[in-house]
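Residue numbering for the sequence shown follows my numbering, starting at 2 and increasing by one per position. Idealized CB from N, CA, C, for every residue including glycine.
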Amino acid sequence: MAQPGGRAVTVSDVQQLVKRKDEIEAQIKAYYELLEDQKGVGMNEPLVDAEGFPRDDIDLYQVRTARHNIICLQNDHKALMKQVEEALHQLHAREKEKQARDEAEARAEALGQGLARAFARVNAVTPGSPASISGLQVDDEIVEFGSVNVNNFQNLQNIATVVQHSEGRPLSVTVMRGGKKVHVGLTPKRWSGKGLLGCNIIPLQR
């Protein structure tokens with residue numbers, strides 16, 4: 002169903018259509034009740050007597066108006082049901098698309114692709130240093146270092162800045178080790194050696 006401005010159908014649109022459908026159904030019911038009150042004339046009973054004169058036991062104007070309105074409303078109802086059907090179809094198709102995308106992303110994540118691209122490598126770790134205590138190892142490839150990842154990494158200064166701002170606070174570091182993702186909690190702090198980490202990191206040449 003084409004929405005104004007080519008907008009995609011939303012659940013709220015469908016709810017509005019269903020509400021309108023319920024209103025039309027209520028109106029049709031009211032007109033049928035009105036016909037019922039007029040000596041039970043339905044949609045097809047004759048409005049003339051045996052001699053061909055207009056019946057005087059019913060309100061002819063009311064009956065004709067009710068019948069006319071019922072026909073119009075039934076046509077509206079039919080068109081509306083088609084709209085509801087199309088809107089639900091669109092919503093369902095979009096839901097299926099989203100599901101397929103989510104599954105593809107989950108598969109890519111499982112294969113260590115997508116976001117899990119490394120941008121730097123640890124090439125030295127000093128024993129007894131904060132890096133060594135956290136479990137960081139030589140040849141770990143860094144995927145995330147605090148807020149730094151492959152999308153925003155420009156140079157090692159990015160990592161240095163994060164380290165300086167995180168002194169004494171644990172940093173979440175994600176590395177690829179032997180083809181597997183490993184999460185490490187690293188707390189930059191002063192120790193007997195140089196710097197706040199005690200490891201050497203080099204950018205990966207892609």
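Kindly indicate the opening and closing residues of the alpha helix (DSSP H) around residue i.
| i | result |
| --- | --- |
| L21 | For the sequence presented, residue 21 should be read as Arg rather than Leu. Run containing R21: V12 to D38, per the alpha helix (DSSP H) assignment. |
Flag this pair as yes or no: are the beta carbons of residue i and residue j separated by less than 7 Å?
| i | j | result |
| --- | --- | --- |
| K30 | I59 | no |
| V123 | D141 | yes |
| V126 | C200 | yes |
| L36 | A67 | yes |
| A94 | D14 | no |
| I202 | V176 | no |
| P131 | L198 | yes |
| S135 | L187 | yes |
| F146 | V174 | yes |
With DSSP run on the structure shown, which of helix, strand or coil describes residue i?
| i | result |
| --- | --- |
| M82 | helix |
| E104 | helix |
| T162 | helix |
| L187 | strand |
| R56 | coil |
| V139 | coil |
| K195 | coil |
| R8 | coil |
| S167 | coil |
| R118 | coil |
Between which two residues does the beta strand (DSSP E) containing residue i stretch?
| i | result |
| --- | --- |
| P204 | C200 to P204 |
| A121 | A121 to V126 |
Based on the DSSP output, what are the partners of residue i in its beta bridges?
| i | result |
| --- | --- |
| F146 | V149 and V174 |
| V42 | Paired residue(s): none; V42 is not in a bridge. |
| V49 | P55 |
| K181 | R178 |
### Message
Can you confirm whether the region 12–26 touches the region 78–88 when touching is taken to mean that 3 or more C-beta pairs between the two stretches lie within less than 8 Å?
### Response
These segments touch.
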